[in-house]
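Trainee: Just passing along the structure, written as structure tokens.
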Amino acid sequence: MSLILLIEQILNGLQFGIMLFLMAAGLTLIFGVMGLINLAHGSLYMIGAFCAAAVAGATGSFLLGLIAALAGAAIAGALVELVVIRRLYTKDHLDQVLATFALILIFSEGTRWLFGSFPLFLDIPDALSGPVTLPGGIEYPLYRLTLIIVGLLVAAGLFLLISRTRLGIQIRAGENDREMIAALGVDIAKLYTIVFALGAALAGLAGALVGAIQSVQVGMGEPVLILAFVVIVIGGIGSIKGALIGAILVGLTDTLGGIFLPELMKLFFSPATATSIGSSIASMSIYILMAAVLVLRPTGLFGARA
Amino acid sequence: MKQTLLAAVAALSLSVAAASAEPVKVGMITTLSGGGAGLGIDVRDGFMLAVKQSGNEEIEVIIEDDQRKPDVAVKLADKLVQAENVDVLTGLIWSNLAMAVIPSVTAQGKFYLSPNAGPSMLAGKGCHPNYFNVAWQNDNLHEAAGAFANVEGYKNSFILAPNYPAGKDALTGYKRLYKGDLAGELYTKLGQTDYAAELAQIRASGADSVYFFLPGGMGISFLKQYAGSGIDLPVVGPAFSFDQGILQAVGDAALGVRNTSQWSKDINTPVNKAFVESFQVEYGRLPSLYASQGFDTANLLLSAMAKADVKDADAFREALQEADFKSTRGEFRFGPNNHPIQDIYVREVIKEGDVFTNKIIGKALNSHSDAYWSECKM
Numbered sequence: 051m052s053l054i055l056l057i058e059q060i061l062n063g064l065q066f067g068i069m070l071f072l073m074a075a076g077l078t079l080i081f082g083v084m085g086l087i088n089l090a091h092g093s094l095y096m097i098g099a100f101c102a103a104a105v106a107g108a109t110g111s112f113l114l115g116l117i118a119a120l121a122g123a124a125i126a127g128a129l130v131e132l133v134v135i136r137r138l139y140t141k142d143h144l145d146q147v148l149a150t151f152a153l154i155l156i157f158s159e160g161t162r163w164l165f166g167s168f169p170l171f172l173d174i175p176d177a178l179s180g181p182v183t184l185p186g187g188i189e190y191p192l193y194r195l196t197l198i199i200v201g202l203l204v205a206a207g208l209f210l211l212i213s214r215t216r217l218g219i220q221i222r223a224g225e226n227d228r229e230m231i232a233a234l235g236v237d238i239a240k241l242y243t244i245v246f247a248l249g250a251a252l253a254g255l256a257g258a259l260v261g262a263i264q265s266v267q268v269g270m271g272e273p274v275l276i277l278a279f280v281v282i283v284i285g286g287i288g289s290i291k292g293a294l295i296g297a298i299l300v301g302l303t304d305t306l307g308g309i310f311l312p313e314l315m316k317l318f319f320s321p322a323t324a325t326s327i328g329s330s331i332a333s334m335s336i337y338i339l340m341a342a343v344l345v346l347r348p349t350g351l352f353g354a355r356a
Numbered sequence: 270m271k272q273t274l275l276a277a278v279a280a281l282s283l284s285v286a287a288a289s290a291e292p293v294k295v296g297m298i299t300t301l302s303g304g305g306a307g308l309g310i311d312v313r314d315g316f317m318l319a320v321k322q323s324g325n326e327e328i329e330v331i332i333e334d335d336q337r338k339p340d341v342a343v344k345l346a347d348k349l350v351q352a353e354n355v356d357v358l359t360g361l362i363w364s365n366l367a368m369a370v371i372p373s374v375t376a377q378g379k380f381y382l383s384p385n386a387g388p389s390m391l392a393g394k395g396c397h398p399n400y401f402n403v404a405w406q407n408d409n410l411h412e413a414a415g416a417f418a419n420v421e422g423y424k425n426s427f428i429l430a431p432n433y434p435a436g437k438d439a440l441t442g443y444k445r446l447y448k449g450d451l452a453g454e455l456y457t458k459l460g461q462t463d464y465a466a467e468l469a470q471i472r473a474s475g476a477d478s479v480y481f482f483l484p485g486g487m488g489i490s491f492l493k494q495y496a497g498s499g500i501d502l503p504v505v506g507p508a509f510s511f512d513q514g515i516l517q518a519v520g521d522a523a524l525g526v527r528n529t530s531q532w533s534k535d536i537n538t539p540v541n542k543a544f545v546e547s548f549q550v551e552y553g554r555l556p557s558l559y560a561s562q563g564f565d566t567a568n569l570l571l572s573a574m575a576k577a578d579v580k581d582a583d584a585f586r587e588a589l590q591e592a593d594f595k596s597t598r599g600e601f602r603f604g605p606n607n608h609p610i611q612d613i614y615v616r617e618v619i620k621e622g623d624v625f626t627n628k629i630i631g632k633a634l635n636s637h638s639d640a641y642w643s644e645c646k647m
């Protein structure tokens with residue numbers, strides 16, 4: 051295995067991790083601030099991708115598509131919070147799971163009703179297509195490189211928002227003691243709607259960015275949702291920093307595991323068996339990682355509370 | 270979710286009166302919601318179109334949605350067999366669901382006509398006289414791709430498929446007829462949508478061609494990312510990643526890619542032309558190979574109904590085996606294990622106006638059977 055291939059794979063893992071972060075950040079914020087388990091987060095990812103595909107298809111502009119994805123997912127998120135989620139804060143986690151699972155079904159079938167059962171077309175803009183040559187002769191797709199940069203910028207913006215702004219202070223305060231900040235005169239209902247819409251917009255952005263290199267179809271959000279839950283469990287529920295570190299860990303483990311484990315198995319088995327066993331273990335690798343982290347730190351890497 | 274559709278009345282129909290007095294009850298379990306719904310909807314629409322065109326009132330179709338979940342499919346099959354007492358079952362798309370349902374319903378004396386899934390187990394040791402596959406044995410299109418690779422002179426293919434039974438059937442099928450070496454062989458996760466790591470391996474492998482079996486959304490993702498990766502090797506795949514439902518979502522990235530299929534919309538027979546035209550009129554879209562398989566399945570059933578009463582299982586089975594219907598793919602007959610013997614074509618993705626579609630560029634295999642029939646003892 052050459053060094054170039056290794057670096058390329060590390061970049062791939064990084065890019066995958068950063069896209070996971072966009073999903074996990076919203077999920078962990080919502081759980082941290084509101085104590086809500088939102089299974090419908092994957093649907094917001096799907097809504098982002100469909101909005102982007104519909105608008106980019108109609109206008110021909112990928113940028114407008116991205117804006118539509120952010121807006122569409124944020125609006126959907128705010129509506130869902132106002133209509134459904136608001137009634138669930140005082141309820142048991144099981145009720146929340148049940149209600150948000152129902153939302154998945156409603157969003158999936160609603161999207162099918164609007165857009166049909168066949169995947170939509172969303173392509174990357176021409177300016178970002180094709181590979182670039184990085185120092186050291188590594189050929190890497192420009193779009194994926196852009197994803198890494200956009201993701202890191204969003205992460206930086208989110209850190210600034212949480213640590214430097216009034217909204218950020220309220221969010222952090224809400225995580226610690228929601229009765230107290232309500233008593234101090236913060237409109238907690240409005241704060242919840244804003245946090246939910248923010249989380250939804252991040253999911254929508256991830257859906258649109260990833261949709262351009264994958265397939266925009268009904269049900270695209272659920273596999274990502276499972277990974278996002280793994281990320282926030284590893285990172286510590288409620289922690290944005292934990293979500294970032296957890297997402298990159300999961301991205302790297304998944305990508306590098308998929309390559310090295312079959313190679314490793316070839317030392318012990320015939321190539322065909324090795325590929326088969328190696329890929330089976332690779333698909334388990336992130337769950338093994340999660341189990342290991344939980345054994346060492348039961349609240350996750352940066353989790354404050356149990 | 271349940272729809273009971275009685276075949277439409279066609280008062281002026283001149284069709285041959287069916288031999289059976291009581292209507293034949295058909296249970297269709299297929300995927301109508303979730304990720305793989307496009308396939309099930311095409312099979313259903315193709316099937317119902319044939320039923321409608323026949324004007325036959327002696328057939329009742331009960332349609333159920335399996336949500337692509339084996340446990341749901343098993344429950345639905347139990348319900349259809351025990352509560353509805355259907356005579357014939359059909360519709361399953363996915364091999365893992367097929368393995369969970371088909372052996373049990375055929376053991377209960379029901380007929381099963383597969384419009385899609387053809388796992389190797391059911392073609393060989395697990396074959397059953399009441400199980401008929403109207404599509405293909407899973408390996409078939411991949412075998413054709415292997416044969417095509419020899420014609421093209423590929424010597425060093427990189428092959429990949431998801432890590433599940435049909436994925437293994439796929440790569441086994443490709444290797445069965447392919448004579449060159451392998452630059453690499455990869456099993457990816459089922460449902461995986463990011464192929465950056467695999468593409469980097471393909472680039473580093475020194476392969477001269479790529480063969481992939483990634484049905485549905487997985488294939489869309491792979492092709493788009495392949496086009497963006499800057500790798501410039503010829504790609505070949507089975508028709509599952511190039512059907513009419515998917516191509517529009519892949520766009521330019523699929524142009525010029527060769528793929529193997531037992532059906533194509535440009536097969537030049539009157540039956541196929543009429544099918545493509547009437548499907549477009551009825552549903553406002555081009556049919557896919559899945560739609561053609563649903564259409565053929567219904568026509569096979571109708572042909573047997575015209576010859577025998579479904580309550581007389583032996584006579585009905587014989588009538589099915591004769592496959593006395595006009596298939597959209599031209600020549601069609603059953604081998605000794607009730608799997609098709611048919612031609613398999615090579616198609617190329619082209620653009621007709623604004624629509625991406627396929628054009629036949631040659632034949633990969635003539636009157637091709639499958640590799641498992643000799644293991645089948647009925």
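Here the protein sequences line up with chains H and R, keeping their order. Residue numbers 51 to 356, in my numbering, belong to the letters of the first sequence in order. Residue numbers 270 to 647, in my numbering, belong to the letters of the second sequence in order. Glycine included, C-beta positions come from ideal geometry on N, C-alpha and C.
Among residues of its own chain, excluding the 5 on either side of residue 27 (chain H), which ones have a beta-carbon nearer than 7 Å to its beta-carbon?
Mentor: Outside the modelled stretch of chain H, which goes from 51 to 356, sits residue 27 (chain H), for which no answer is possible.
Trainee: Does chain H have any CB closer than 8 Å to the CB of residue 272 (chain R)?
Mentor: Its pLDDT being 48, under 50, residue 272 (chain R) is placed unreliably by the model, and nothing is read from it.
Trainee: Comparing alpha-carbon positions, which option in R:428, R:457, R:470, R:467 lies nearest residue 450 (chain R)?
Mentor: Checked all of R:428, R:457, R:470, R:467; the closest Cα to residue 450 (chain R) is R:428.
Trainee: Do the CB positions of residue 480 (chain R) and residue 443 (chain R) come within less than 8 Å of each other?
Mentor: Going by C-beta atoms, residue 480 (chain R) is nearer than 8 Å to residue 443 (chain R).
Trainee: Can you name the start and end residues of the beta strand (DSSP E) that residue 383 (chain R) belongs to?
Mentor: First-last of the beta strand (DSSP E) with residue 383 (chain R): 380–383.
Trainee: Hey, is residue 551 (chain R)'s beta-carbon within less than 8 Å of any beta-carbon in chain H?
Mentor: Closer than 8 Å: no.
Trainee: Tell me, please, which residues DSSP counts as bridged to residue 306 (chain R).
Mentor: The partner list for residue 306 (chain R) (beta bridge, DSSP) is empty, contrary to what the question assumes.
Trainee: Determine the contact status of residue 343 (chain H) and residue 284 (chain H), defining contact as a CB-CB distance below 8 Å.
Mentor: Cβ atoms of residue 343 (chain H) and residue 284 (chain H): closer than 8 Å.
Trainee: Listed in chain order, which residues of the region 265–293 of chain H have Cβ atoms closer than 8 Å to some Cβ of chain R?
Mentor: For the region 265–293 of chain H, which is checked against every Cβ of chain R, the residues closer than 8 Å are 265, 266, 267, 268, 269, 270, 273.
Trainee: The beta strand (DSSP E) that contains residue 98 (chain H), what's its start and end?
Mentor: Careful: residue 98 (chain H) lies outside any beta strand (DSSP E), inside the alpha helix (DSSP H) at 91–109.
Trainee: Residues in the region 171–184 of chain H with C-beta within 7 Å of chain R's C-beta atoms, listed in sequence order?
Mentor: Listed in sequence order: 171, 173, 174, 179, 180, 181.
Trainee: Can you name the residues of chain R whose CB is closer than 8 Å to the CB of residue 160 (chain H)?
Mentor: Near residue 160 (chain H) there are no residues of chain R at all, since even the closest Cβ is about 12 Å away, more than 8 Å.
Trainee: I want to verify the contact list: residues of chain R whose CB lies under 7 Å from the CB of residue 308 (chain H), in sequence order.
Mentor: In chain order: 466.
Trainee: Among the residues of its own chain, which have a CB less than 6 Å from the CB of residue 55 (chain H), if the five just before and after it don't count?
Mentor: Counting only Cβ-Cβ distances below 6 Å, and skipping sequence neighbours, we find nothing.
Trainee: Between the region 498–519 of chain R and chain H, which residues of the former have a C-beta closer than 7 Å to a C-beta of the latter?
Mentor: Under the 7 Å Cβ criterion, the region 498–519 of chain R contributes 498, 499, 514, 515, 517, 518.
Trainee: Against chain R, which members of the region 308–339 of chain H pass a CB distance test of less than 9 Å?
Mentor: Listed in sequence order: 308, 309, 312, 321, 322, 325, 326, 328, 329, 330, 332, 333.
Trainee: For the candidate residues R:477, R:471, R:476, whose alpha-carbon lies nearest to that of residue 491 (chain R)?
Mentor: Comparing Cα-Cα distances from residue 491 (chain R) to each of R:477, R:471, R:476, the minimum goes to R:471.
Trainee: Between the region 153–170 of chain H and the region 290–306 of chain R, can you find at least three pairs of beta-carbon atoms closer than 8 Å?
Mentor: Contact between the region 290–306 of chain R and the region 153–170 of chain H is present, because at least three Cβ pairs lie under 8 Å.
Trainee: From the DSSP output, in three-state form, read off residue 451 (chain R) for me.
Mentor: Here residue 451 (chain R) sits in strand by DSSP.
Trainee: How many Å lie between residue 644 (chain R) and residue 638 (chain R) at the Cα?
Mentor: Straight-line Cα distance between these residues: approximately 13 Å.
Trainee: So if DSSP puts residue 611 (chain R) in a beta bridge, which residue, or which two residues, is it bridged to?
Mentor: The partner list for residue 611 (chain R) (beta bridge, DSSP) reads R:637.
Trainee: Less than 6 Å between C-beta atoms, sequence neighbours within five positions excluded: which residues of the same chain meet that for residue 617 (chain R)?
Mentor: For residue 617 (chain R), where only same-chain residues beyond five positions count, the Cβ hits under 6 Å are 527, 628, 630.
Trainee: Closer than 9 Å, Cβ to any Cβ of chain R: which residues of the region 58–72 of chain H, in chain order?
Mentor: Going along the region 58–72 of chain H in chain order, one finds 58, 59, 61, 62, 63, 65, 66, 69 with a Cβ nearer than 9 Å to chain R.
Trainee: On the three-state DSSP scale, how would you describe residue 362 (chain R)?
Mentor: If DSSP states are grouped into helix, strand and coil, residue 362 (chain R) belongs with coil.
Trainee: What did DSSP end up calling residue 457 (chain R) once you bin it into helix, strand or coil?
Mentor: Correct three-state label for residue 457 (chain R): strand.
Trainee: Count the other CB atoms within 10 Å of the CB of residue 206 (chain H); is the residue buried (16 or more) or exposed (fewer)?
Mentor: Exposed is the call here.
Trainee: Taking only three categories from DSSP, how would you classify residue 399 (chain R)?
Mentor: Residue state, collapsed to three classes: coil.
Trainee: Would you identify the three-state DSSP class for residue 20 (chain H), choosing helix, strand or coil?
Mentor: Look at the range of chain H in this structure, 51 to 356, and you will see that residue 20 (chain H) is not part of it.
Trainee: Label residue 539 (chain R) either buried or exposed according to how many other C-beta atoms from any shown protein chain fall within 10 Å of its C-beta, with 16 as the threshold for buried.
Mentor: Its Cβ having fewer than 16 others within 10 Å, residue 539 (chain R) is exposed.
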